[in-house]
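Quick note on this note's numbering: the sequence shown kicks off at 9 and runs consecutively.
In this text, a Cβ means the ideal position worked out from N, Cα and C, and glycines have one as well.
All values reported here derive from a predicted model rather than from experimental measurement.
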Amino acid sequence: MFVRHPIWLRRVATPGARAFGVLFALESLTRALLTTVIPLEALRIVGSAQTVSVLFFSASLVGLAGGLLVPWIVRRTARRWVYTAGVVLLGLAAVVLAGGTPTTQVLGMMLRVLGVVAMAICLNLYIMDHIARRDLGRAEPQRVFYSAAAWTVGPFLGVTLSEQFGPWAAYLASAACSLVVLGYFWTLRLTESPALSQPRTPAPNPLHNIRRYFAQQRLVMAWTVSICRNAWWAMFLIYAPIFAVQSGLGAYVGGLVSSLVMGFLFLIPLWGWCGRRLGLRWILTVGFGVSGAATLLAAVVANLPWVALGLLVAAAFLMVMLDSVGNMPFLLAVRPHERAEMTSVYSTYRDMADMVPPGVYALLLLSFRLPIVFVASGVLMVTMAALARAVHPRLGLARAPAASEAIARPLHAGSKGR
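Next comes the structure, spelled out in structure tokens:
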């Protein structure tokens with residue numbers, strides 16, 4: 009007997025923008041449940057924000073090395089197995105983190121980073137295979153919007169489970185979510201582009217990929233924007249909860265603030281609409297500039313913790329505007345025959361954003377108090393706002409006739425990407 013499934017069910021089970029949005033939302037919930045729990049547990053285990061910075065630096069270093077090897081693995085096995093391995097690592101990380109010792113904390117954080125990197129690279133490749141370039145301007149904001157509920161509920165729910173029942177409860181919830189991600193992923197039965205799944209030439213080594221990537225100015229610009237944007241979020245998600253605890257506001261406030269700012273993700277469609285009409289340069293300049301100024305002010309009034317957190321929330325409001333851009337600059341700029349290799353290099357922005365700031369903060373915290381991280385992050389954002397003035401003015405406009413060509417000319421200086 010023929011059964012007619014609801015339209016929405018067929019859409020989320022068919023590869024496309026909506027299905028990728030659901031997949032990303034489920035993956036986001038798996039990570040969001042622990043995004044505040046991990047730094048707070050690390051602080052409890054090691055005792056200082058400076059040592060927590062070292063832990064995050066070490067975990068991101070492992071993720072950076074692992075991410076560069078992913079295309080080599082993708083070339084030699086089916087991409088679905090690489091994504092599956094990433095999900096398994098994410099779930100295994102939660103189990104290891106439940107150990108509650110310095111060793112399990114470090115190992116769990118490393119496994120978590122490796123899992124996220126593998127999943128991110130494979131998801132970007134699937135998106136480029138199944139979504140037309142002309143539709144990326146709408147698909148990317150939609151993908152981030154779908155994850156809004158996960159990032160809004162996840163941080164506070166994770167802290168609540170940890171405080172009420174113990175950290176193991178949050179870790180268990182995250183591991184269970186990873187099983188849901190795995191089940192939904194295999195339900196989609198995603199196919200791979202023949203050009204990627206059956207390459208005619210041997211995969212170049214990671215160093216060649218890096219040289220090739222940074223020889224293309226349009227890709228460098230996409231990488232720089234993404235790394236600076238994620239550097240701010242890395243700062244906020246690690247140090248805002250620690251600041252709340254150390255200033256006497258408590259872990260619940262840290263989790264609540266994290267969830268509150270993630271609720272701004274529901275504004276992604278609005279910011280996407282603004283970006284299509286005002287252009288990417290406007291989004292980047294205003295977003296980086298205002299958020300940087302608010303972050304600097306938070307450091308100035310750090311002795312008033314509620315005011316400081318309020319300023320960080322205001323900065324997050326503007327950072328969400330930058331998130332509406334998503335990975336669109338890269339997805340439009342990358343050449344089809346280099347997708348796997350260039351995606352692996354581009355995806356290192358996550359690890360660089362998670363690695364470099366904690367490394368810098370670890371050094372600064374040897375001599376200064378915690379608000380110094382707000383100063384360093386604010387300066388970086390303001391600097392990026394100045395650099396964003398060099399972005400092509402028509403990039404991101406809804407009626408721009410050649411968005412990919414605009415990306416290829418990101419700077420007014422006259423130098424051209426190869």
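If contacts are defined as beta-carbon pairs under 8 angstroms, then residue i and residue j qualify, I think. What distance do you get, rounded to the angstrom?
i, j, result
"F272", "F325", "5 angstroms"
"L98", "G123", "4 angstroms"
"L330", "F296", "7 angstroms"
"V390", "A323", "Their Cβ separation, rounded to whole angstroms, is 11 angstroms, which puts V390 and A323 out of contact at 8 angstroms."
"S68", "M363", "3 angstroms"
"F28", "Y179", "That pair is no contact at about 27 angstroms."
"V429", "P47", "Given that the chain is displayed from residue 9 to residue 426, the structure contains no residue 429 and the question cannot be resolved."
"Y247", "A57", "7 angstroms"
"S332", "W279", "4 angstroms"
"Y357", "N238", "6 angstroms"
"M127", "G94", "4 angstroms"
"L227", "M360", "Going by Cβ atoms, the distance from L227 to M360 rounds to 14 angstroms, so no, they are not a contact pair."
"A177", "L169", "4 angstroms"
"P163", "A106", "Their Cβ separation, rounded to whole angstroms, is 18 angstroms, which puts P163 and A106 out of contact at 8 angstroms."
"T293", "A230", "With a Cβ gap of about 16 angstroms, T293 and A230 do not count as contacting."
Does DSSP put residue i in a helix, in a strand, or in coil?
i, result
"I129", "helix"
"G107", "coil"
"P79", "helix"
"Q58", "helix"
"G71", "helix"
"Q224", "coil"
"S234", "helix"
"R377", "coil"
"L42", "coil"
"A310", "coil"
"G94", "helix"
"R26", "helix"
"E413", "Note that E413 scores a pLDDT of 33, beneath 50, so its modelled location is shaky; the value from the coordinates is reported in the next line. It is helical."
"A86", "coil"
"V333", "coil"
"G256", "coil"
"I139", "coil"
"R197", "coil"
"R397", "coil"
Applying the criterion that 16 or more other CB atoms from any shown protein chain within 10 Å of the CB defines a buried residue, is residue i buried or exposed?
i, result
"W159", "buried"
"V387", "exposed"
"M225", "According to the sequence displayed, residue 225 carries Gln and not Met. Buried."
"T44", "buried"
"T138", "According to the sequence as given, residue 138 is His; it is not Thr. Answer is buried; the Cβ neighbour count reaches 16."
"A307", "buried"
"R151", "buried"
"P365", "buried"
"S182", "buried"
"P344", "exposed"
"R120", "buried"
"Q113", "buried"
"N311", "exposed"
"P79", "buried"
"F173", "exposed"
"G256", "exposed"
"G55", "exposed"
"S186", "buried"
"P110", "exposed"
"W241", "buried"
"G191", "exposed"
"S155", "buried"
"A25", "buried"
"F251", "buried"
"S375", "exposed"
"A303", "The residue you asked about is not Ala; residue 303 is Thr in the sequence shown. Per the 10 Å Cβ criterion, buried."
"R285", "exposed"
"T38", "buried"
Note the first and the last residue of the continuous alpha helix (DSSP H) segment covering residue i.
i, result
"R52", "45 to 54"
"G263", "259 to 270"
"P163", "156 to 173"
"P366", "356 to 372"
"P344", "That residue, P344, is in no alpha helix (DSSP H); it is neither H nor E in DSSP."
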